[in-house]
Amino acid sequence: MPQKRFTFLTNCIRFDDKGTRQEKREHDRLAPIRELFDKIVNTSQQLYTPSEYCTVDEQLLAFRGRCPFKMYIPSKPDKYGIKIMMMCDSKNYYMCNAEVYTGKGSTPAGVSATEYYSVQMTTPIHGTNRNCTFDNWFTSINTARKLYDDHAVTMVGTMKKNKAEIPPSFVELRGREKNSAMFAFSGVLTLLSYCPPKPKKKIVMLLSTMHRRGDTTETVRLPDMVQFYNETK
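In terms of my numbering, the sequence shown opens at residue 44 and continues consecutively.
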């Protein structure tokens, strides 16, 4: 196929009915590609059964064109793009679920975006007693309890140190011994405050409903929660 013909076809390709696009956009900002995107996600779920460990995170798909929900995230390698929430298999990174973040107002009223996406992304593994690893944007006490109590999913995730539920002694770096760990337990919740061995290293905070004890790997004195997070993040 000549390049000119290929370019013409790619410029004309559409994945929806242009006549009803504007009406659909009033309720769904992803309307122009919604049907195609959902088919890709649904097919991915039908053709694969995830392992016992999954990971939820966000991906910024590099894009500088016109888009009403294009994001600017200066900490990312590609600062401009479309943010996609994903759940992948921790062992081989296969995509098990995904949803495009279309900006404010795209989540139900009264539900925080972190809780909504944590529950929504893990839908394919609800009721299976699998574990999901999160970073600190998703992790909270409420989310951990909701996933465990309502959906039979355990979680391990880093946690922001400014959460009100964290004891002050867990975030205090002064006087802490290097390569030391502090644990707190409440029902199914296990909270870990880990001070790494490297000087001037910040405290790592982890929350888990999978771990019930403060076990460590004897050879390197690394808490099992930290090792598990590093292997599945």
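Idealized CB from N, CA, C, for every residue including glycine. Computed from a prediction, not measured in an experiment: that's the story for all the values here.
Indicate whether residue i and residue j have their beta-carbon atoms separated by less than 9 Å.
i	j	result
Ser-149	Phe-112	yes
Val-84	Ala-141	yes
Ser-94	Asn-135	yes
Asp-121	Leu-103	yes
Met-268	Tyr-237	yes
Ala-195	Thr-171	yes
Val-154	Met-128	no
Arg-72	Gly-146	yes
Asn-165	Met-130	According to the sequence displayed, residue 165 carries Thr and not Asn. Yes.
Lys-189	Glu-158	yes
Leu-235	Pro-266	yes
Note down the Cα distance separating residue i from residue j, rounded to an integer number of angstroms.
i	j	result
Phe-226	Lys-204	14 Å
Ser-251	Tyr-191	10 Å
Glu-282	Ile-125	No information on residue 282 is available, as it lies outside the stretch 44 to 276 that the chain covers here.
Thr-262	Lys-276	At Thr-262, the pLDDT of 49 sits below 50, so the modelled position is not reliable; the number obtained from the coordinates is stated separately. Cα to Cα, the separation comes out at about 22 Å.
Ala-187	Val-231	9 Å
Ala-105	Gly-218	43 Å
Leu-52	Gln-89	30 Å
Pro-240	Leu-249	17 Å
Gly-200	Lys-61	42 Å
Which two residues bound the contiguous beta strand (DSSP E) that contains residue i?
i	result
Ala-105	96-105
Ala-227	223-229
Met-129	123-132
Met-202	Met-202 -> no beta strand (DSSP E), and no H or E assigned at all.
Glu-66	Premise fails: Glu-66 lies in the alpha helix (DSSP H), 61-68, not in any beta strand (DSSP E).
Leu-73	Looking at the DSSP string, Leu-73 is not in any beta strand (DSSP E), and its letter there is neither H nor E.
Met-268	Note, Met-268: premise wrong, no beta strand (DSSP E); alpha helix (DSSP H) at 267-275.
Taking the alpha helix (DSSP H) that residue i belongs to, which residues open and close that run?
i	result
Lys-82	77-89
Ala-156	156-164
Cys-238	Careful: Cys-238 lies outside any alpha helix (DSSP H), inside the beta strand (DSSP E) at 232-238.
Pro-151	That residue, Pro-151, is in no alpha helix (DSSP H); it is neither H nor E in DSSP.
Looking at the structure shown, is residue i part of a helix, part of a strand, or coil, going by DSSP?
i	result
Asp-192	helix
Phe-177	strand
Glu-142	strand
Leu-52	helix
Ser-118	coil
Pro-252	Per the sequence shown, residue 252 should be read as Thr rather than Pro. Coil, per DSSP.
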